[in-house]
Structures are given as C-alpha cells and as structure tokens.
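The number in my numbering is simply the position in the sequence shown, starting from 1, with 5 added.
Every residue gets a Cβ at the ideal spot worked out from N, C-alpha and C, and that includes glycine.
See below for the structure under consideration.
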Amino acid sequence: MTDIEKLKSAIRDVPDFPKKGIIFKDITPILKNKELFSLAIAKMVEPFKKQKIHSIVAIEARGFILGGAIARILNCGMVPVRKQGKLPSKTYSVTYDLEYGTDTLEIHTDAVNKGDRVLLVDDLLATGGTAGSVCKLIEKSGGEIVGLSFLIELAFLNGRKKLKDYPIHCVLQL
Ligand code: AMP
Numbered sequence: 006m007t008d009i010e011k012l013k014s015a016i017r018d019v020p021d022f023p024k025k026g027i028i029f030k031d032i033t034p035i036l037k038n039k040e041l042f043s044l045a046i047a048k049m050v051e052p053f054k055k056q057k058i059h060s061i062v063a064i065e066a067r068g069f070i071l072g073g074a075i076a077r078i079l080n081c082g083m084v085p086v087r088k089q090g091k092l093p094s095k096t097y098s099v100t101y102d103l104e105y106g107t108d109t110l111e112i113h114t115d116a117v118n119k120g121d122r123v124l125l126v127d128d129l130l131a132t133g134g135t136a137g138s139v140c141k142l143i144e145k146s147g148g149e150i151v152g153l154s155f156l157i158e159l160a161f162l163n164g165r166k167k168l169k170d171y172p173i174h175c176v177l178q179l
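Set out below in structure tokens:
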C-alpha cells in the first residue's frame, strides 16, 4: 500500500453526522496511530517546508491538532481561529453563509502582524466557505497568505474555485 492509500483507508466515514445527509470524514483513526499521524503531518507540510512562514493559522477544532503539529515542524507560531465568543481578547470576526443559516469565526486582532507570512491549516476542504472566510481574517490582520494546507479535499464540492487566489495543497482527494 502507498502512503496515500494507508491514510485514505484509515479515514472513517460516519453517515448522517452531524446531521442527515452528511457523510462525516472522521480522522481520529489517523490521529491515534503514531505512524499515520506523523505521515499525515509530513504530507501536509511537504510543499511549504522551504518557505519562510511566521505562523500557522488553524481552524477550530481539528485544525488545531494538525496545525499545532505542523507549527512544531516548521518551527513557527500557531494562531487559533475560533467560533464566535470563544477567544478571550479583542477579535476581528467574519460571518459567512452555511447551507442553512450563517456562522461566525474570530481571530485575535494582535495574533497576526502586518506582513506576517501565514499558512492556513484545516482538516478538510469542502465548499471552501470556511477557509475563504479565514483568508479574509488573515488579510484584515495584514498577513500574507503563503498557502492553504488540508488533509482531505472533497473535490466534488469545488471548494478550490472559491480559493483560486491562493496556493492550495490537499493530501487526499476523496
Ligand atoms: P467548508 O466550509 O464547506 O469547506 O467546510 C469545511 C469545514 O467543515 C472544515 O472545518 C471541516 O472540518 C468541516 N467539514 C465539512 N464537511 C465535512 C465532512 N464531510 N466531514 C468532516 N468535516 C467536514
């Protein structure tokens, strides 16, 4: 089995979670296995290893796990983007449309400095709405987006189309 096949086969499909009609891609079987976790991080970081990066901006919640590990490999900082009301200090926020209703994400106003070179990290790219909104937060903070790294891409949802201004790296296409 190739490394990619090993990672793909470890992802658990959970039908109708968190609601009917969604097939949830559960990455916990990868995280609990030291070889697979390490492999996933190595693959996510590969194209960015030689780039100058000040910080990882990671999206709640699974993005934190991957982003923290990637920050240690790149020897850079880690900035959390969280759902509304979770960050304790002053924030910038962005609200975006979901299939039903809206969602709001926040970043501390002093988390990314003007001119900082940032890598955005999350577990999965679906429609691209979440990542696109986080790009707005980074740019509002004055950061420069070096790229976006995801473990999984649900390619049929065309999330890349919304993010065509940025270099995108996805380890697994499902
Ligand atoms: P989107 O904004 O549509 O690109 O959705 C991406 C965000 O929603 C990421 O933070 C993912 O963790 C989560 N997400 C969306 N669809 C799924 C799925 N099928 N399985 C697991 N997580 C998902």
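Have a look at VAL86 and ARG122 and give me their C-alpha separation to the nearest angstrom. Looking up residue 86 in the sequence shown gives position 81. Looking up residue 122 in the sequence shown gives position 117. VAL86 and ARG122: Cα-Cα distance of roughly 16 Å.
When THR114, LEU124, LYS30, ASN80 are compared against PRO93, the one with the closest alpha-carbon: As a position in the sequence shown, residue 93 is number 88, starting the count at 1. Nearest C-alpha to PRO93: THR114.
VAL19 classed as buried or exposed, judged by whether at least 16 other C-beta atoms fall within 10 angstroms: Walking along the sequence shown from the start, residue 19 turns up at place 14. That one is exposed.
C-alpha gap between LYS167 and GLY137, whole angstroms: Taking the sequence shown and counting its residues from 1, one reaches residue 167 at position 162. Taking the sequence shown and counting its residues from 1, one reaches residue 137 at position 132. Going by the C-alpha atoms only, they are around 7 Å apart.
Beta-carbon separation of ILE173 and LEU130 under 9 Å? The residue given as residue 173 occupies position 168 in the sequence shown. The residue given as residue 130 occupies position 125 in the sequence shown. Closer than 9 Å, so yes.
Mind checking whether the beta-carbon of LEU142 lies closer than 8 Å to any heavy atom of ligand 1? Here residue 142 is taken as the residue at index 137 of the sequence shown, counted from 1. Because no heavy atom of ligand 1 lies under 8 Å away, the Cβ of LEU142 does not count as near it: no.
Simplified DSSP assignment, three categories, for LYS13: Counting from 1 along the sequence shown, the entry for residue 13 is found at position 8. Looking at LYS13 - three-state DSSP - the assignment turns out to be helix.
As a quick exercise: from ASP170, PHE69, LYS95, pick the residue whose alpha carbon is nearest that of GLY152. Taking the first residue of the sequence shown as position 1, residue 152 is located at position 147. The shortest C-alpha separation from GLY152 is found at ASP170.
Quick check: is the beta carbon of LEU177 nearer than 9 Å to any beta carbon in chain B? Of the protein chains in this structure there is only one, and it is not chain B.
Nearest neighbour of ILE64, chosen from LYS88, LYS37, LYS39 [CA to CA]: To locate residue 64, count along the sequence shown from 1; it is residue 59. Out of LYS88, LYS37, LYS39, LYS88 has the C-alpha closest to the C-alpha of ILE64.
Quick one: is ILE28 buried, meaning 16 or more other Cβ sit within 10 Å of its Cβ, or exposed? Within the sequence shown, residue 28 is the residue found at index 23, counting from 1. So ILE28 ends up on the exposed side.
Could you tell me the boundaries of the alpha helix (DSSP H) in which ALA45 lies? Sequence index remark: in the sequence shown, residue 45 carries index 40 (1-based). Unbroken alpha helix (DSSP H) run through ALA45: 39–50.
Where the beta carbon is closer than 7 Å to any heavy atom of ligand 1, which residues qualify, in chain order? ILE27, ILE28, PHE29, LYS30, ILE64, ARG67, GLY68, ASP127, ASP128, LEU129, LEU130, ALA131, THR132, GLY133, GLY134, THR135, ALA136, LEU159, LEU162, GLY164
Any idea which residues DSSP pairs PHE29 with across the strands? Taking the first residue of the sequence shown as 1, we reach residue 29 at position 24. Per DSSP, VAL19.
Which of the three DSSP states, helix, strand or coil, is assigned to ILE58? To locate residue 58, count along the sequence shown from 1; it is residue 53. Coil.
Candidates ASN38, LYS48, GLU104, PHE53: closest to LYS25 by CA position: Along the sequence shown, read from residue 1 onward, the residue named residue 25 stands at position 20. Closest option to LYS25, Cα to Cα, is GLU104.
The stretch 32–39 touching the stretch 51–58, judged by at least three CB pairs closer than 8 Å: no
With a threshold of 16 other CB atoms inside 10 Å of the CB of ALA76, please say whether the residue is buried or exposed. Sequence index remark: in the sequence shown, residue 76 carries index 71 (1-based). It counts as buried.
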